[in-house]
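Residue numbers (our numbering): 4 to 248.
For every residue, glycine included, the Cβ atom is placed at its ideal position computed from N, Cα and C.
What follows is one structure encoded as structure tokens, with my remarks underneath.
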Amino acid sequence: MPAPALWRLGGCGAGREEAGDGEGAPRGLPAPRDGLPAHTGVFLERVESECQYLNGMERVRFVERYIHNREQLLHFDSDVGLYVADTPLGEPQAQNDNSKPERLEYKRAAVDRFCRHNYQALTPIVTERKVPPKVRVAPVQSGSLPQTDRLACYVTGFYPAEVEVKWFQNGREETERVVSTDVIPNGDWTYQVLVMLETSPRRGDTYTCQVEHVSLQQPVRQRWGKALRGPLGREGGEGAGPPQP
């Protein structure tokens, strides 16, 4: 069975907030009881609204979590249809919310009003959006060495995040001397990754960085070589330096 897709929205507030009906609305803890001192200082209340999808919209689950200072006190689960306390401190709030039929009806309807609606609205953006990567190769020199000892393949500006990057030396794939960063989000719905090949290029050698991505009809190959005569240089493709901002 495939893992469900998850979309999550969150909202937070500092201090005490009254309960709200909207998805992501901060909720407050019960007021201090008479005779007990109120706590002073800053605290954080956060609400996370999750939509979980299995096989598209074959099965949809709405979960809303209420978190106080990083501790989840209670949550609403559309599969249960009720608020569920996660700690003793959350029990009074769960009991109070479960005693309100209108609130329960509103939250149960979030599966259609919130989850299914957003799935239909965002699917073209989130699941069908494809942006091809830009690929550049450049030599890298360690500070203590006078010569190039690594080749860097910069793969930038692609979406979605899944990407496969391979290094080839003289047409043969290299696997043991390849070092890669994690795929890093740029903050603009695109990603980047840096894949380096540890090598000391010799004259006549050619190196190729190959990138496969769902946005490409065929792999992109960026070649770099050490010329038989003259200084180090690239062969084929565009630019031999890191991507420009």
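| query | result |
| --- | --- |
| Given 8 Å, three or more beta-carbon pairs between the segment 206-219 and the segment 150-167 | yes |
| Between the CA atoms of Thr193 and Thr202 - distance to the nearest angstrom | 30 Å |
| C-alpha distance - Glu105 paired with Tyr122, whole-angstrom precision | 25 Å |
| Sufficient close CB pairs (3 or more, under 8 Å) joining the segment 42-59 to the segment 114-130 | yes |
| Contacting residues, own chain, Cβ-Cβ under 6 Å from Gln172 (five flanking each side not counted) | Tyr210 |
| Where Lys137 falls: helix, strand or coil (DSSP) | strand |
| Sequence-distant residues of the same chain with beta carbon closer than 6 Å to Thr90, five excluded per side | Leu76 |
| Arg68 - DSSP class collapsed to helix/strand/coil | strand |
| Range of the contiguous alpha helix (DSSP H) that encloses Arg106 | Pro104 to Arg111 |
| Cβ neighbour criterion (16 or more within 10 Å) applied to Leu39 | Summary for Leu39: the model assigns pLDDT 47, below 50, so the residue's position carries little reliability, and this model does not support an answer. |
| Cβ-based burial, Gln195 [other Cβ within 10 Å; buried from 16] | buried |
| Member of Met199, Leu219, Asp115 and Asp191 whose CA lies at the smallest distance from the CA of Ser145 | Met199 |
| Neighbourhood of Val140 by C-beta distance below 8 Å, restricted to the same chain and skipping five residues each side | Leu154, Ala155, Cys156, Tyr157, Tyr210, Cys212, Gln225, Arg226, Trp227, Arg237, Gly240 and Ala243 |
| Those residues which DSSP pairs with Pro188 across a bridge | Tyr194 |
| Supposed close pair Cys118, Val63 - CB separation, criterion 8 Å | 5 Å |
| Buried versus exposed, by CB contacts within 10 Å (16 or more), Phe65 | buried |
| Test item: CB-CB of Pro136 and Val83 under 8 Å | no |
| Between the CA atoms of Glu74 and Val3 - distance to the nearest angstrom | The chain is shown only over 4 to 248; residue 3 falls outside these bounds and no answer can be derived. |
| DSSP three-state assignment for Gln144, whether helix, strand or coil | coil |
| As assigned by DSSP and simplified to three states, the class of Asp254 | Lying before the first or after the last residue shown, residue 254 is absent from the chain, which here runs from 4 to 248. |
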